[in-house]
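Encoded as structure tokens, the structure appears first; notes follow it.
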Amino acid sequence: MPEAVSAPLLDVRALTAFYGDFQALLGVSVAVARGQVVAIIGANGAGKSTLLRSIAGLMPGRRDAIVFDGEPIGHLPAHRVVARGIALVPEGRRLFPSLSVEENLLIGGQLRRPGPWTLKRVYALFPALAERRRLPSSALSGGQQQMAALGRALMSNPRLLMCDEISLGLAPIVIRDIYARLPSIAAEGISLVIVEQDIAQALAAADQVYCLQEGRVAFAGAAREATREAVAAAYFGV
Amino acid sequence: MEWTNTILQGVLTGGLYAMFAAGLSLIFGVMRLVNIAHGDFIVLAAYLALVVTETLGIDPLVSLVIVVPLMAAIGYALQRGLLNHTLGDDLLPPLLVTFGLSVIIQNGLLELFTADSRRLQAGAIEVASWQLAPGLSIGVLPFLQFAAAVAVIGGLQALFYRTALGRAFRATSDDPAVAQLMGLDNAHVFALAMALSLAVVAIAGVLLAVRANFDPAIGPARLIFGFEAVIIGGLGNLWGTLAGGIVLGVAQAIGAKLDPGWQLLAGHLAFLIVLGVRPEGLFPRIRG
């Protein structure tokens, strides 16, 4: 079916989201093609995290507002969305503190979705985790925790991996180290959505970029064609 | 020797209290739910065992084969159908709903079985005992009860720290939202925890009912013993809960020895002393 191949893996159509009376997303449309890296940028409170949380099923909404691989999933709760192959690395890492590093990874893989990612592969990607597998996850450094959170998400063998602010609170050298591993993740055919505060980092890593502003898409385009001026205008709304 | 005997009996009773407590602390640990009806479920299990033994004519200990799965099924259905809807940021709704359940169970049992005291008949094993030394003997039944408590707590410990289900319980307890991102359905995990809790309650209820008389109104006191054992032992530590049950059992035995009227008072005093001196319990959970 040629149509299915050209259709995007993830198609978000005029998505809305609310926190009580406050509307955080006012009709956001985003498309992610197979194998593509998409960056979502925007100021604090623009709705970036809300967008990822909605896609992941933490804020279920209208059925066909989110279409994944041709199937509407907008109404599904999170535990059924991850079973379809969408994994989220949440903001702030959120490892399980009473589980060891290895248990955190194992629980990420507890659905046993088939795919290339196993404990062995994750340890090969992040050797620092292999040495610390028996430690409680709270004993890791910030960078190692981020690696564990990434590994935990990969263990579900996702087709789409979403990373919320993976550079937050980490030293520049650690951020470079983590970003350097992303191509080997994408090489497995996984599509990536990254939410980033660091615009230069995001543009360098991404094929496509969306800039959110107050719950709307203010700019969308190819990352290499996005000029500083266009991004700044969309970012600040000037 | 007389005192050794008293303390030994207290230790053995403590096992039963630890079993009351284990189910209670399991539920609180996984979903922050305080089950006020816990004691009444113990009594419900005792009555279920009574009906099973009388209709099938089987031994009370054999009736566990039916009562344990039955109580687990009740727990699962209760959690999915009712208690999951009360969970949230507020601790009060589940407290009120389980309080209501407590009233319903007590009055339901009163209606069906009257207020008469009942007891499960286990036959010769009830009076059988082993002599350890001259003047010091332990009953086979109390010993079985204690052994069951150790086995239940050891089993729960292994389940929590060695199995995928235990991992799911701990992850959901840590962060229910992120647990969902791992593909865990909170509603199902909570219901499994309640099923497990009521399975433990079933064992405790049957063992209670072969050793002592029961009637529909004794639930709340069992709840208090369970609470006290959990607090004495330290929240979130299963072996601590066993120690808490033993402390409570020994305190009650010593109180009863001094004056038969002091049995319950001595237990409560031991609880208050621990609460005053070590509010986090004797063996609090070690946080990583």
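In order, the protein sequence lines correspond to chains A and B. Quick note, the first sequence lines up with residues 2 to 239 if you use the working numbering. Quick note, the second sequence lines up with residues 4 to 291 if you use the working numbering. Think of the CB as a built atom: it goes at the ideal place given N, C-alpha and C, for glycine as much as any other residue. In this text the structure is predicted, and so the values were computed from the model without any measurement.
The continuous beta strand (DSSP E) containing S192(A) extends over residues 192-196. Under DSSP, the beta-bridge partners assigned to E72(A) are F69(A). Under DSSP, the beta-bridge partners assigned to V210(A) are A40(A), G222(A). Interface criterion not met: the Cβ of L51(B) is under 8 Å from no Cβ in chain A. When DSSP states are grouped into helix, strand and coil, S138(A) belongs to the helix group.
Contact annotation for P115(A) against chain B: no contact, minimum CB-CB distance about 14 Å [criterion: below 7 Å]. Under the 10 Å beta carbon count, A273(B) is surrounded by 16 or more other beta carbons and is classified as buried.
In the pairwise beta carbon analysis, the region 124-136 of chain A is classified as not touching the region 77-86 of chain A: fewer than three pairs are separated by under 8 Å.
Residue environment for N105(A): buried (at least 16 other C-beta atoms within 10 angstroms of its C-beta). Inside the region 91-172 of chain B, DSSP marks whole beta strand (DSSP E) runs of 3 or more residues at positions 132-136, 139-142, from first to last along the chain. The beta carbon of V33(B) sits closer than 6 Å to the beta carbons of F172, S176, A196 from its chain, once the five residues preceding and following it are set aside; these are given in chain order. Setting aside the 5 residues that flank it on each side, L183(A) is surrounded in the same chain by L193, A206, each with a C-beta closer than 7 Å to its C-beta; the list follows chain order. Taken through DSSP and simplified to helix, strand or coil, R229(A) comes out as helix. CA-CA distance, L162(A) to H191(B), rounds to 25 Å. Assignment of Q24(A) by DSSP, reduced to helix, strand and coil, places it in the strand class. Three or more Cβ pairs closer than 8 Å define a contact, and the region 226-237 of chain B meets that threshold against the region 21-32 of chain B.
For A129(A), the enclosing alpha helix (DSSP H) covers residues 128-132. At a cut-off of 8 Å between beta-carbon atoms, V181(B) makes contact with chain A. L96(A) and L211(B) have their C-alpha atoms spaced approximately 41 Å apart. In summary, F163(B) is buried, with 16 or more beta-carbon neighbours lying within 10 Å of its beta-carbon over all protein chains present. At least one CB of chain B lies nearer than 8 Å to the CB of A84(A). Chain-order list of chain A residues neighbouring M34(B): empty, with the shortest C-beta distance near 15 Å, by a criterion of under 8 Å.
Not one beta carbon of chain A lies nearer than 8 Å to the beta carbon of D93(B). Listed along the chain, the chain B residues whose CB falls inside 9 Å of the CB of L59(A) are A180, Q183, L184. Put simply, the backbone Cα of G46(A) is about 16 Å away from that of G93(A).
Going by DSSP, V46(B) is part of the alpha helix (DSSP H) stretching over 41-59. With fewer than three CB-CB distances shorter than 8 Å, the region 213-225 of chain A does not count as touching the region 110-117 of chain B.
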